[in-house]
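Engineer:
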Amino acid sequence: MTTAVYPGSFDPIHSGHLDVIGRARQIFDRVVVGVLDNEHKQYLFSVEERAELVRQSLPPESDIEVRHFSGLAVSFATSEGAAVIVRGLRAVSDLDSEFQMALMNRRLEPKVHTVFLTTGFSNVYLSSSLLKDVCAHGGSIEGLVPPVVERALHDKLAPTGAAAVRAG
Ligand code: PNS
């Protein structure tokens, strides 16, 4: 059985992430989404909220596991018995930092391999920060995030608007 972990901030999850999760599950027997809890970073959603939004965005019959983790992604992978870290690539511009991370992760733990999956064309321009910005300024994000995430973004951003996005 091959286990893959998919680590990320997921602040919040969007259709591009879901696309990568679906593709990863087609390849690997077990996929564990790892929601990073980094105390030095300010998120719009708490780690519990981010993990819950991932869970609620997955189809009910899905066997994708969702956990949160702190510390190194390779340690999370090892603790889950995963030999693979999945990362999504939207465009060539992602490659620079992703390549750097993959090589550092390999140095930290040579038994864990990074596998890059390209997202579908319709998702290439999506990022969590862009979606927060659009939502905070009253733009429509319909169809770009699952309805549960759309509601959560509206709830979170409605009272404080763009200020909350700048903080995150
Ligand atoms: O969704 P993101 O913010 O692009 O995900 C980045 C993430 C969580 C994959 C990366 O920041 C990470 O792995 N953080 C955990 C700490 C770590 O392992 N750092 C060394 C990476 S080389």
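Position one of the sequence shown corresponds to residue 29 (our numbering), numbered consecutively onward.
Just so you know, even glycine gets a beta-carbon here, dropped at the ideal spot from N, CA and C.
1. Compare the C-beta of residue 122 with all C-beta atoms of chain C and state if any pair is closer than 7 Å.
2. Hey, would you say the C-beta of residue 212 is under 6 Å away from at least one heavy atom of ligand 1?
3. What residue ranges within the stretch 49-98 form continuous beta strand (DSSP E) runs of no fewer than 3 residues, ordered along the chain?
4. Should residue 35 be counted as a contact of ligand 1 given a C-beta to heavy atom distance under 6 Å?
5. Closer than 6 Å: is that where the CB of residue 151 sits relative to any heavy atom of ligand 1?
6. Is there at least one non-hydrogen atom of ligand 1 closer than 6 Å to the beta-carbon of residue 46?
7. Can you find the residues in the same chain that come closer than 8 Å, C-beta to C-beta, to residue 169, ignoring five residues on each side of it along the sequence?
8. Confirm the yes/no value for this check: CB of residue 132, any heavy atom of ligand 1, distance under 6 Å.
9. Would residue 102 and residue 41 qualify as a contact pair, given that the criterion is a beta-carbon distance under 7 Å?
10. Kindly list the residues whose CB is nearer than 8 Å to the CB of residue 150, restricted to its own chain and excluding five residues on each side of it in sequence; keep chain order.
11. Is the distance from the Cβ of residue 147 to the Cβ of residue 47 below 7 Å?
12. Taking its Cβ as the centre, do 16 or more other Cβ atoms sit within 10 Å of residue 174, making it buried, or is it exposed?
13. Tell me the DSSP secondary structure of residue 175 in three-state form.
14. Could you check which residue in 39, 61 and 95 has the C-alpha nearest to that of residue 32?
15. Could you tell me the boundaries of the beta strand (DSSP E) in which residue 144 lies?
16. Less than 7 Å between the beta carbons of residue 51 and residue 145, yes or no?
Structural biologist: This is what the structure gives:
1. Of the protein chains in the structure, only one exists, and it is not chain C.
2. Absent from the structure is residue 212, since the part of the chain shown begins at 29 and ends at 196.
3. 58-64 and 93-97
4. As a first step, residue 35 is located in the sequence shown; it is residue number 7 there, counting from the start. Correct: residue 35 has its Cβ closer than 6 Å to ligand 1.
5. For this step, residue 151 is matched to residue 123 along the sequence shown. The answer is no for residue 151.
6. Along the sequence shown, one-based indexing puts residue 46 at 18. Not under cutoff, so the answer is no.
7. Here residue 169 is taken as the residue at index 141 of the sequence shown, counted from 1. Hits under 8 Å: 159, 162, 163, 178 and 181.
8. One-based indexing of the sequence shown puts residue 132 at position 104. Yes, ligand 1 has a heavy atom inside 6 Å of this Cβ.
9. Position 74 of the sequence shown, counted from the first residue, corresponds to residue 102. Position 13 of the sequence shown, counted from the first residue, corresponds to residue 41. No. Outside cutoff.
10. Position 122 of the sequence shown, counted from the start, is the residue given in the question as residue 150. Excluding sequence neighbours, residue 150 sits near 43.
11. Along the sequence shown, read from residue 1 onward, the residue named residue 147 stands at position 119. Along the sequence shown, read from residue 1 onward, the residue named residue 47 stands at position 19. For residue 147 and residue 47, yes; Cβs fall inside 7 Å.
12. The residue labelled residue 174 in the question sits at position 146 within the sequence shown. Under this definition residue 174 is a buried residue.
13. Here residue 175 is taken as the residue at index 147 of the sequence shown, counted from 1. Here residue 175 sits in helix by DSSP.
14. Along the sequence shown, read from residue 1 onward, the residue named residue 32 stands at position 4. For the residues 39, 61 and 95, the minimum Cα distance to residue 32 belongs to 61.
15. Residue 144 sits at position 116 when you count from the first residue of the sequence shown. Its beta strand (DSSP E) spans residues 141-146.
16. By 1-based counting over the sequence shown, the position of residue 51 is 23. By 1-based counting over the sequence shown, the position of residue 145 is 117. Yes, these two residues count as a Cβ contact at 7 Å.
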